[in-house]
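All remarks here apply to the structure that follows.
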Amino acid sequence: MFDQLAERLQKAMKFLRGEGKITEKNMAEALRMIRLAFLEADVNYRVVKDFVERIRVKALDEKVLFSLIPAQQVIKIVRDELASILGQQERKLKFSSSPPSIFMLVGLQGSGKTTSCGKLAKWAVSFGKNPLLVSFDLKRLAAQEQLKMIARTLSLHFYEMTKEQMSHPPDALQELLKFTKNRGYEPLIVDTAGRLHIDEELMEELHLVRDILNPTETIYVGDSMTGQDAVKSAQLFEEKIGLTSIILTKLDGDARGGAALSIVSVTGKPIKFIGTGEKFDKFEVFHPDRMASRIIGMGDILSLIEKAEEKADLEEVEELARKLHKQEFTLEDFKKQIVQMKRMGSFSQILNLLPTAGPFGDISKIDIDDKKILYYEAIINSMTQKEKENPKMINGSRRLRIAKGSGRPVAEVNQLLKQFLEMKKMMKKSQFKKLLSSLPMSR
Ligand SMILES: Nc1nc2c(ncn2[C@@H]2O[C@H](COP(=O)(O)OP(=O)(O)OP(=O)(O)O)[C@@H](O)[C@H]2O)c(=O)[nH]1
Ligand SMILES: [Mg+2]
Numbered sequence: 036m037f038d039q040l041a042e043r044l045q046k047a048m049k050f051l052r053g054e055g056k057i058t059e060k061n062m063a064e065a066l067r068m069i070r071l072a073f074l075e076a077d078v079n080y081r082v083v084k085d086f087v088e089r090i091r092v093k094a095l096d097e098k099v100l101f102s103l104i105p106a107q108q109v110i111k112i113v114r115d116e117l118a119s120i121l122g123q124q125e126r127k128l129k130f131s132s133s134p135p136s137i138f139m140l141v142g143l144q145g146s147g148k149t150t151s152c153g154k155l156a157k158w159a160v161s162f163g164k165n166p167l168l169v170s171f172d173l174k175r176l177a178a179q180e181q182l183k184m185i186a187r188t189l190s191l192h193f194y195e196m197t198k199e200q201m202s203h204p205p206d207a208l209q210e211l212l213k214f215t216k217n218r219g220y221e222p223l224i225v226d227t228a229g230r231l232h233i234d235e236e237l238m239e240e241l242h243l244v245r246d247i248l249n250p251t252e253t254i255y256v257g258d259s260m261t262g263q264d265a266v267k268s269a270q271l272f273e274e275k276i277g278l279t280s281i282i283l284t285k286l287d288g289d290a291r292g293g294a295a296l297s298i299v300s301v302t303g304k305p306i307k308f309i310g311t312g313e314k315f316d317k318f319e320v321f322h323p324d325r326m327a328s329r330i331i332g333m334g335d336i337l338s339l340i341e342k343a344e345e346k347a348d349l350e351e352v353e354e355l356a357r358k359l360h361k362q363e364f365t366l367e368d369f370k371k372q373i374v375q376m377k378r379m380g381s382f383s384q385i386l387n388l389l390p391t392a393g394p395f396g397d398i399s400k401i402d403i404d405d406k407k408i409l410y411y412e413a414i415i416n417s418m419t420q421k422e423k424e425n426p427k428m429i430n431g432s433r434r435l436r437i438a439k440g441s442g443r444p445v446a447e448v449n450q451l452l453k454q455f456l457e458m459k460k461m462m463k464k465s466q467f468k469k470l471l472s473s474l475p476m477s478r
């Protein structure tokens, strides 16, 4: 899902990271890459245009340009804008305060309505609801057989409409409503007919259901494989019957993501679920924010940036980073870094936030125990200024004195010194530099 888009966007982000400083020129290049990535993912051109412009304005803001980590800031802006076109905050499916809640699923033929009815019911059962499934298709009486089979497979309740009922649709719907209330089903999930094109007959049928059942949610089911067509038909359904939310199906295929990235902006309705396979457990609550991070592919590095900016003393961090780069890093600095890390959250937590694949792979495997960080601070406090600046002078008897002073075993003093020296050594390696240049303590 979104693989191609993700790959291209990540290329643009890597380009920016490599640039260090953000200038109007390299920003223009990055924006060109972003624009192309979106257009190739079949995102509505107007959505792309607005998106790129918003990023440009935000990225060239002084606060970003002169910040400690400009490239990362821009990445964050792209991520946030992406989340915002995917729907900003996730919105939950609305349940009625006076049950039954009624969810009516509409959409073009083959978009995945019937399958999604089953998935939605299964999802409702997973948190203790007692849903009832019904199929309302006046033209294809056989349509309800498919849903009936699904209900049987998933052990769900199914309301069967008789031929007799189908010939008096308004009465049938009233009876359905009464039945649902009397038996205490919650929610009622209504499958509807699909057509290749939206026609008057279908609309009349849907109006009837809408007017009598008064659904809590009218959910448009769109096939993401059909790209902008799904967006266009969503717009038409919205005009003709009014929608409250969206389920996007078939995001497991090689859909380029264009539908997902345009549909919210174009219809103004939130995506609430995505279907990622034919099976009934291939159904996810949609989180715009997580999806945006997934597309940008930065793991949770962005939350690390937020956390760091919130907690750390940025000036000191900057100074430490400068020293790290210049290899002037002393044990005193090591201690300062430990203090900063404590402020940002534990070191292991920070390492956990890094993606395990890619350039950070090796780093996230380093094993640092949080308690040890506290002990290390105590040990470094027991050293003299000279020792901190020149750890090589710390011989056996000095180690013994430091151990006594800090109340820690000599073995731990040895270990600290060893780790400090290893850290310095690692910094010479490019992998570690890469890590540092992505962390807020760089530059
Ligand atoms: N790969 C994949 N296939 C899906 C998904 N959702 C539905 N399908 C498949 O799409 C096809 C059509 O699904 P249906 O649920 O019958 O679609 P519908 O909208 O009810 O179709 P009509 O009632 O004919 O309008 C079926 O083969 C489903 O298995 C999905 O998320 N991923
Ligand atoms: Mg169907």
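Start counting the sequence shown at 36; every next residue gets the next number (my numbering). From the three backbone atoms N, C-alpha and C, an ideal C-beta is built for every residue, glycine too.
Since residue i sits in a beta bridge, which residues does DSSP pair it with?
i	result
tyrosine 194	Val169
methionine 139	Val225 and Thr253
phenylalanine 318	Gly310
serine 300	Beta-bridge pairing links serine 300 to no other residue.
aspartate 258	Thr284
Can you determine whether any heavy atom of ligand 2 sits closer than 6 Å to the C-beta of residue i, and answer yes or no?
i	result
threonine 149	yes
Under 6 Å from any heavy atom of ligand 1, does the C-beta of residue i make it?
i	result
glutamate 319	no
glycine 310	yes
serine 268	no
aspartate 38	no
glycine 292	no
threonine 302	no
lysine 287	The question names lysine, but residue 287 is aspartate in the sequence shown. Yes, ligand 1 has a heavy atom inside 6 Å of this Cβ.
glutamine 144	yes
glycine 153	no
glutamate 313	yes
glycine 257	no
glycine 229	yes
threonine 284	yes
Below 8 Å on the Cβ atoms is my guess for residue i versus residue j; work out the distance and round it to an integer in Å.
i	j	result
aspartate 226	glycine 145	Contact doesn't hold; Cβ gap of about 13 Å is too wide.
isoleucine 224	leucine 155	6 Å
leucine 182	tyrosine 220	At roughly 15 Å, the Cβ-Cβ gap does not stay under 8 Å, so leucine 182 and tyrosine 220 are not in contact.
threonine 311	leucine 278	Threonine 311 to leucine 278, Cβ: 22 Å. No contact.
leucine 452	isoleucine 429	6 Å
valine 82	isoleucine 120	6 Å
alanine 72	leucine 95	With 8 Å as the limit, alanine 72 and leucine 95 do not qualify as a contact, their Cβ atoms being about 20 Å apart.
For a quick check, are the C-beta atoms of residue i and residue j less than 7 Å apart?
i	j	result
phenylalanine 321	isoleucine 309	yes
methionine 48	isoleucine 110	yes
valine 244	phenylalanine 171	yes
proline 305	glycine 142	no
valine 87	leucine 74	no
glycine 262	alanine 294	yes
threonine 215	lysine 129	no
phenylalanine 37	glycine 292	yes
isoleucine 298	alanine 269	yes
threonine 365	glutamate 424	yes
phenylalanine 138	proline 204	no
phenylalanine 455	phenylalanine 318	no
arginine 230	leucine 241	no
methionine 196	alanine 207	yes
arginine 434	tyrosine 410	no
proline 440	serine 417	The question names proline, but residue 440 in the sequence shown is glycine. In contact: glycine 440 and serine 417 (Cβ atoms closer than 7 Å).
phenylalanine 272	lysine 157	no
isoleucine 513	isoleucine 254	As shown, the chain starts at 36 and ends at 478. That puts residue 513 outside it, with no answer to give.
alanine 327	arginine 43	no
leucine 176	glycine 153	no
isoleucine 90	isoleucine 57	no
lysine 174	alanine 228	yes
glycine 303	methionine 260	no
arginine 52	alanine 106	yes
threonine 284	glycine 147	yes
Do residue i and ligand 3 come close, with the Cβ less than 6 Å from some heavy atom?
i	result
lysine 213	Ligand 3 is not among the ligands present in this structure, which contains only ligand 1 and ligand 2.
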